[in-house]
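Asks: For the first sequence, the tail end lands on 566 under the UniProt record's numbering, and the numbers increase by one without skipping.
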Amino acid sequence: MKIKSELSKIIESALINADINAEEIVISDATKPEFGDYQYNGVMKLAKQLKKNPREIATQVLAEIDTTGMISKVEVAGPGFINIWLNNEWLSEQTIAILDDTRVGVGQVEKAQKVVVDYSGPNMAKQMHVGHLRSSIIGDTLSTLLEFLGEEVIRQNHIGDWGTQFGMLIAYLEEQNTDGNTQELKDLEQFYKDAKVRFDESEDFANKAREYVVKIQGGDEHCLTLWQSFINASLGHCEDVYKKLNVNLTREDVRAESFYNDQLPQVIETLKEKGISRVSDGAECVFLEGSDVPIIIQKGDGGYLYATTDLAALNFRDKELNADRICYVVDARQAQHFKQVFSIAKQAGMVKDEVALEHIGFGTMMGQGGKPFKTREGGTPKLVDLLEEAVVRAKDAIKDRDVRSEEELDAVAKAIGIGAVKYADLSISRESNYIFNWDKMLSFEGNTSLYMQYAYARIQSILRKHNAEVTGSIIVADEVEHRLALMLLKFEDTLTKAAIEATPHTITSYLYDVVTVFMKFYELNPILRDDIDEATRNSRLQLATLTAAVIEKGLSILGIEVVEKI
RNA sequence: GCACCUGUGGCUCAAUUGGAUAGAGCAUCAGACUUCGGAUCUGAGGGUUAGAGGUUCGAGUCCUCUCAGGUGUACCA
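(1) Taking the straight line between their C-alpha atoms, what separation do you get for L62 and Y451?
(2) Once the 5 residues before and after W227 are set aside, which same chain residues still bring their CB inside 7 Å of it?
(3) Measure the alpha-carbon distance for V412 versus K395 and round it to whole angstroms.
(4) State the Cα-Cα distance for the pair G42 and D400, rounded to the nearest angstrom.
(5) Using the beta-carbon count (16 or more within 10 Å), is A548 buried or exposed?
(6) Among residues of its own chain, excluding the 5 on either side of L387, which ones have a beta-carbon nearer than 8 Å to its beta-carbon?
(7) Here's the rule I'm using: 16 or more other beta-carbon atoms within 10 Å means buried, otherwise exposed. How should H222 be labelled?
(8) In the DSSP assignment, find the alpha helix (DSSP H) that holds H158 and state where it starts and stops.
(9) Going by the beta-carbon positions, is the gap between S234 and L188 smaller than 8 Å?
(10) Going by DSSP in three states, K374 sits in which element: helix, strand or coil?
(11) By the DSSP assignment, the beta strand (DSSP E) with Q298 in it spans what residues?
(12) What is the DSSP secondary structure of D187, reduced to helix, strand or coil?
(13) Can you tell me where the alpha helix (DSSP H) with A535 in it begins and where it stops?
(14) Check whether the Cβ atoms of I71 and I84 sit closer than 8 Å, and answer yes or no.
(15) Assuming G105 contacts I98 (C-beta within less than 8 Å), just tell me the rounded distance between them.
(16) May I ask which residues mark the beginning and end of the alpha helix (DSSP H) holding N207?
(17) Where DSSP assigns a beta bridge to L86, which residues make up the other side?
(18) Name the two residues that bound the continuous alpha helix (DSSP H) containing A424.
(19) Along the chain, which unbroken stretches of the beta strand (DSSP E) at least 3 residues long are found entirely within the region 97-135?
(20) Please report the distance separating the alpha-carbon of I20 from that of R540.
(21) How is the beta strand (DSSP E) around F362 delimited, first residue to last?
(22) Going by other Cβ atoms of all chains shown within 10 Å of its Cβ, with 16 needed for buried, is E479 buried or exposed?
(23) Pick helix, strand or coil for D331, following the three-state DSSP scheme.
(24) For V43, report the span of its alpha helix (DSSP H) as first-last.
(25) Got a sec? Which residues, its chain only, sit under 6 Å from G80 by beta carbon, not counting five neighbours each side?
(26) What span of residues does the beta strand (DSSP E) with Y38 cover, start to end?
(27) Does DSSP classify A30 as helix, strand or coil?
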């Protein structure tokens, strides 16, 4: 239900009837319950343009507002706000209409955009660590969200599979293989360290490593085979993490750095031809306006840099993938890099003007005390370990709650533990740094996934207890039911906003509001108690059912599972 | 040096992009139970939005300066 755009239409025709021109009509949520459900604040701006008294204009507009359908009441307040109340019967009709809808009232976009979402992008030389967490889950949520709204999403996992360190790694892999020991790749971190030790201790090995770098680049079959098997193993590690994390990235989504290798000379050629780049100190450089430091696109020795690869990728995404919107879910510290690369790509016509290029930046994950996240030993924690710890902690938190089988406990612990890690991350506004805190994320209180999952389980418990078909209508009878029904109908507006701005926390804070209102409703309005008449009971049961559906769908967009019992 | 980002109750975060008296959760204190799952709910205290100017009907949000912290910045990605 697109409530805001429905209201915009009503206000628009009121403005037309009042003989007033307005370009864009923005409806916002009321800031307080006394001010109604929604408000239109545009009159003040219009009054300024028309040089008239805002309250006078507001009164004129007010007289033209149609209050026969969704709106029950309107008023002029303050300097010229128009406050809007929605009709309870309208809320009843709308909520009952979406009760059997698997999309809980969320429509699909009329014209699908092609959206490329570039996220995760792990480096194949190393094990995934906590630094990859945010990109992976924010990007995945964004993808799921856009897909749900009907956009055509093309996921791109731009893995780092190219560079000098691979010479060392495959040389070491070869050495290990001849010993018949292929298990070494279990721990990439260790493998890397061991290879580095060999590199430092043996001149022969170091030379071989350097030689292998050149050979891979030259297309040497033996080396490429080694390289490929290394990448396969490393990618396998990533896939384990994705599976644990409930992140939807597959091999089909992998478009590695190396994929763009043969397009790099063309990128340089194009930039040279268009006069965008020039040689400086032996390197091919682009000097952007307002900056005296160049962006190097080709080193003095002929090698390419990541800006070059990114340009090739942009070109590919525009020309081959035909993207309308390209989102890079990458650490906020790379803001400048993307600004530059986007600017060059547009100047050079590698990306059409109308294509939206967005850097979806996010802040750094911090440990306690706001310092960089480290293990007790001072290293960077591996993502697998972190996720395993989350599940163990979740299990510990719920093990005394209820008698159940070990399998059940494991499944619930997994949903809760992983959900906690993801929710904690997604519920903070993307751009700010975020402080990782186990106790907070695994709390039943406050804005946590566990609180949402708990609310869902409670509703399921009520429905199980009732154990019968629920029919009849939803009667929005009092203030709290009004708020709950309206909240449930706001789902689509919320998702739309989150998709446009790429802000998952919009969804979490909405879900938190839904659950808070539901908890109030639940305290004030008993459902199954004996003295409740059947019509009321059915109405309340249906509101509860719909609430559960919104929670379930909302969490699933965040890649978080619900459980029937906690 | 230059550029960008951040600064909101004790702590962790919001604030619909310039709207009404800046909202939540932790924590603190005070209440509610013969519990439809109390790991819940109700209420209270706690703020000069780092500071100073400015723009206007109206500023946490925009502009200028100052302070504090962070990040990036020529051949890594």
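Note that the Cβ used here is the ideal one computed from N, Cα and C, for glycine as well.
Replies: Reading off the structure:
(1) Distance from the CA of L62 to the CA of Y451, rounded to the nearest whole angstrom, comes to 41 Å.
(2) For W227, where only same-chain residues beyond five positions count, the Cβ hits under 7 Å are F166, I170 and I216.
(3) Cα atoms of V412 and K395: separation of roughly 8 Å, rounded to the nearest angstrom.
(4) Taking the straight line from one Cα to the other gives about 55 Å.
(5) In this structure A548 is buried. Its beta-carbon is surrounded by 16 or more other beta-carbon atoms within 10 angstroms.
(6) Counting only Cβ-Cβ distances below 8 Å, and skipping sequence neighbours, we find V241, K244, L245, G417, I418 and V421.
(7) Classification of H222: exposed, given that the 10 Å Cβ count is below 16.
(8) It is not in any alpha helix (DSSP H) - H158 carries neither H nor E in the DSSP assignment.
(9) For S234 and L188, yes; Cβs fall inside 8 Å.
(10) Residue state, collapsed to three classes: coil.
(11) Per DSSP, Q298 is one residue of the beta strand (DSSP E) stretching across I295 to Q298.
(12) D187 falls in the coil class under three-state DSSP.
(13) Run containing A535: E534 to I557, per the alpha helix (DSSP H) assignment.
(14) By the CB criterion at 8 Å, I71 and I84 fall inside the cutoff.
(15) Yes, they are in contact, since the Cβ atoms of G105 and I98 sit about 3 Å apart, within 8 Å.
(16) For N207, the enclosing alpha helix (DSSP H) covers residues E203 to Q217.
(17) Answer is I71, bridged to L86.
(18) Its alpha helix (DSSP H) spans residues E406 to L426.
(19) Within the region 97-135, the runs of beta strand (DSSP E) that reach at least 3 residues and sit entirely inside it are, in chain order, 114-118.
(20) About 43 Å.
(21) From DSSP, the beta strand (DSSP E) with F362 extends over A356 to F362.
(22) The residue in question, E479, is exposed, as its Cβ has fewer than 16 Cβ neighbours within 10 Å.
(23) If DSSP states are grouped into helix, strand and coil, D331 belongs with the strands.
(24) Counting along the chain, V43 sits inside the alpha helix (DSSP H) bounded by residues V43 to L50.
(25) Hits under 6 Å: V43, M44, P54, R55 and A58.
(26) Where Y38 is concerned, the enclosing beta strand (DSSP E) stretches over Y38 to Y40.
(27) Here A30 sits in coil by DSSP.
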